[in-house]
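2 protein chains.
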Amino acid sequence: MTAPPSPSSRDKILDVAEARFAQRGYSGVGLRELAEAAELSKSSLFHHFPSKAALYCSVLDRVLQRLAARLAPAPGPQTTAAARLEILLDALLDVLAEQATTSRLLLRALFEDDDLPEEGLPEADAMNATLTGILAAVRGLIEQGVAEGSFRPVSPAHTLQSLIGITIYHFASGDFGEELLGQPIFSAAAVQERREEVKAFVRHGLLIRDA
Amino acid sequence: MTAPPSPSSRDKILDVAEARFAQRGYSGVGLRELAEAAELSKSSLFHHFPSKAALYCSVLDRVLQRLAARLAPAPGPQTTAAARLEILLDALLDVLAEQATTSRLLLRALFEDDDLPEEGLPEADAMNATLTGILAAVRGLIEQGVAEGSFRPVSPAHTLQSLIGITIYHFASGDFGEELLGQPIFSAAAVQERREEVKAFVRHGLLIRDA
DNA sequence: TTGCCCCCCGACCGATCGGTCGGGTAGGTT
DNA sequence: AACCTACCCGACCGATCGGTCGGGGGGCAA
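Protein sequence lines, in the order shown, are assigned to chains A and B. The numbers in my numbering rise by one with no breaks, and the one at position 143 of the first sequence is 143. Numbers given in my numbering equal positions in the second sequence, counted from 1, plus 211.
Below you can see the structure in the form of structure tokens.
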């Protein structure tokens, strides 16, 4: 509360970097472009972040922290896995639908292991820890459902992959369908319909029978 | 048949470019690295391809052509949509499992619209045409299934997105699970199991009942 | 032999890359 | 006054970027 809502330079850098990295990836964005967008000198970036790789990891970590905060209030294993899945899917799809940058950044972070040249920097470790926590939670939910018998006897690891693909990718490739499929599928009006279809797909793919 | 199986320089360039672009993306790979890997001079690349963007599009187009060739022998609408889906999924998963580069390249091509700076070059148009054909075929299959009543009443465009995510992404993020999930999920031994789980997920997610 | 392609090459171009350096300014402490 | 810290900047660094240029060598037809 000591800091008024004026965005600090550091947050401003993170904001513009998140947007740019989501659009064109790590190596597709230069620091000069980021500095100009943040209304700062390129040298000033290095006052807030030690390197470009560290800045990228900080951006990813902030996204993952936001995601984890939204997924945290889900109920624990005392609830049935089917109910937990519904709540988690709702929260996840809410986050993905709110900012288009989130899904793209997550998709890049998940399938591009080799994107960042350096690996030893502490920002990367923090980011991986956050990511691992989220994935472990979702995986635990799947395992619970399989143990309960309400989910088909799937492999939790494989199914987690499918779950990520069906949700993250669905929102990451937003407007490509507009050109190639002949109809807009990421307009604000279609988000709700999209949400329900993704949820239904996951529900039917994962559960044997619901209700 | 006039050309013996000795790989021409052009094909060699395409091979190494496909592998590198799949790993680190368009802007993450330099022409010097490609030339060295292809055992050629950087200047010689420009003898075979007019620019880096054109080379990238040629790589993508070759991947899509391979994919289209494998998906083409699927039966037409006289067969039931459920049977066609099985055949198409088998062919698609075969292609994705064979070369790890394919899925990664496809994933990048599908969700990175902004990756290539130039848009007017003819290689990009050819690539987009090939891609549009493949997507239209799959979409037609979904529409047939919905019309038949064997598929849930889904929106074909949204479901196509889910289908891509669940298949392409599943194979693109190969070894990330090995580190973060605690067990290898893309080892050669696990490919078959992975295939069956993806197929089952799609089947249950798309069909109401399949006997 | 001459001329023509095809394929390849080293050298070079301007631009941009990530990153460093020294200095400058405002605010707070002593 | 002196000092320190936080923040920001222009100028500069070596390296690499995509791309161009002129030319060399081999095959082949006239």
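Just so it is clear, CB atoms sit at the ideal spot from N, CA and C, and this is done for glycine as well.
Decide if residue i is buried, meaning its Cβ has at least 16 other Cβ atoms within 10 Å, or exposed.
i, result
"residue 77/A", "exposed"
"residue 193/A", "exposed"
"residue 284/B", "exposed"
"residue 381/B", "buried"
"residue 41/A", "exposed"
"residue 309/B", "exposed"
"residue 122/A", "exposed"
"residue 156/A", "buried"
"residue 229/B", "buried"
"residue 376/B", "buried"
"residue 379/B", "buried"
"residue 104/A", "buried"
"residue 20/A", "buried"
Could you tell me the distance, in whole angstroms, from the CA atom of residue i to the CA atom of residue j?
i, j, result
"residue 268/B", "residue 129/A", "37 Å"
"residue 195/A", "residue 160/A", "18 Å"
"residue 272/B", "residue 108/A", "22 Å"
"residue 173/A", "residue 153/A", "30 Å"
"residue 139/A", "residue 163/A", "10 Å"
"residue 307/B", "residue 313/B", "6 Å"
"residue 361/B", "residue 132/A", "39 Å"
"residue 254/B", "residue 248/B", "14 Å"
"residue 295/B", "residue 136/A", "36 Å"
"residue 369/B", "residue 197/A", "7 Å"
"residue 29/A", "residue 48/A", "18 Å"
"residue 250/B", "residue 220/B", "9 Å"
"residue 261/B", "residue 25/A", "24 Å"
"residue 256/B", "residue 270/B", "13 Å"
"residue 238/B", "residue 111/A", "16 Å"
"residue 286/B", "residue 418/B", "19 Å"
"residue 63/A", "residue 243/B", "34 Å"
"residue 352/B", "residue 124/A", "43 Å"
"residue 234/B", "residue 81/A", "37 Å"
"residue 126/A", "residue 106/A", "15 Å"
"residue 191/A", "residue 71/A", "20 Å"
"residue 7/A", "residue 120/A", "30 Å"
"residue 134/A", "residue 34/A", "29 Å"
"residue 311/B", "residue 100/A", "27 Å"
"residue 79/A", "residue 290/B", "43 Å"
DSSP state of residue i, grouped into three classes?
i, result
"residue 49/A", "coil"
"residue 251/B", "coil"
"residue 207/A", "strand"
"residue 395/B", "Unreliable positioning characterises residue 395/B in this predicted model, as indicated by a pLDDT of 40, which lies under 50. A coordinate reading is not provided."
"residue 196/A", "helix"
"residue 387/B", "A caution first: residue 387/B carries a pLDDT of 46, below 50, which makes its placement in the model unreliable, though a value can still be read off. Three-state DSSP puts residue 387/B in a helix."
Residues of chain B with CB closer than 8 Å to the CB of residue i, please, in chain order.
i, result
"residue 197/A", "365, 366, 369, 370 and 373"
"residue 201/A", "365, 370, 373, 416 and 417"
What in chain B is Cβ-close to residue i, meaning under 7 Å?
i, result
"residue 166/A", "373, 376 and 377"
Which residues in chain A sit within 9 Å of residue i, going by Cβ to Cβ distance?
i, result
"residue 404/B", "155 and 158"
"residue 361/B", "Correct list: empty, because the minimum Cβ distance to chain A is about 13 Å."
Applying a beta-carbon distance threshold of less than 8 Å, which residues of chain A neighbour residue i?
i, result
"residue 236/B", "25, 27, 28, 112 and 115"
Just to make sure I have the definition right: I need the residues of chain B whose C-beta is within less than 9 Å of the C-beta of residue i. Which are they?
i, result
"residue 169/A", "318, 321, 322, 372, 373, 375, 376, 377, 379 and 380"
Okay, do the stretch 408-415 of chain B and the stretch 284-303 of chain B touch, 3+ Cβ pairs below 8 Å being the bar? Per the Cβ contact rule, the stretch 408-415 of chain B is in contact with the stretch 284-303 of chain B (3 or more Cβ pairs under 8 Å).
Inter-stretch contact (C-beta, 8 Å, three-pair minimum) for the stretch 225-232 of chain B and the stretch 253-270 of chain B: Touching, per the Cβ criterion.
Flag this pair as touching only if the stretch 140-153 of chain A and the stretch 352-368 of chain B have three or more C-beta atom pairs under 8 Å; answer yes or no. Touching, no.
Say whether the stretch 301-316 of chain B touches the stretch 277-293 of chain B, bearing in mind that this needs 3 or more beta-carbon pairs closer than 8 Å, one atom from each stretch. The stretch 301-316 of chain B, when compared against the stretch 277-293 of chain B, does touch it at the 8 Å Cβ threshold.
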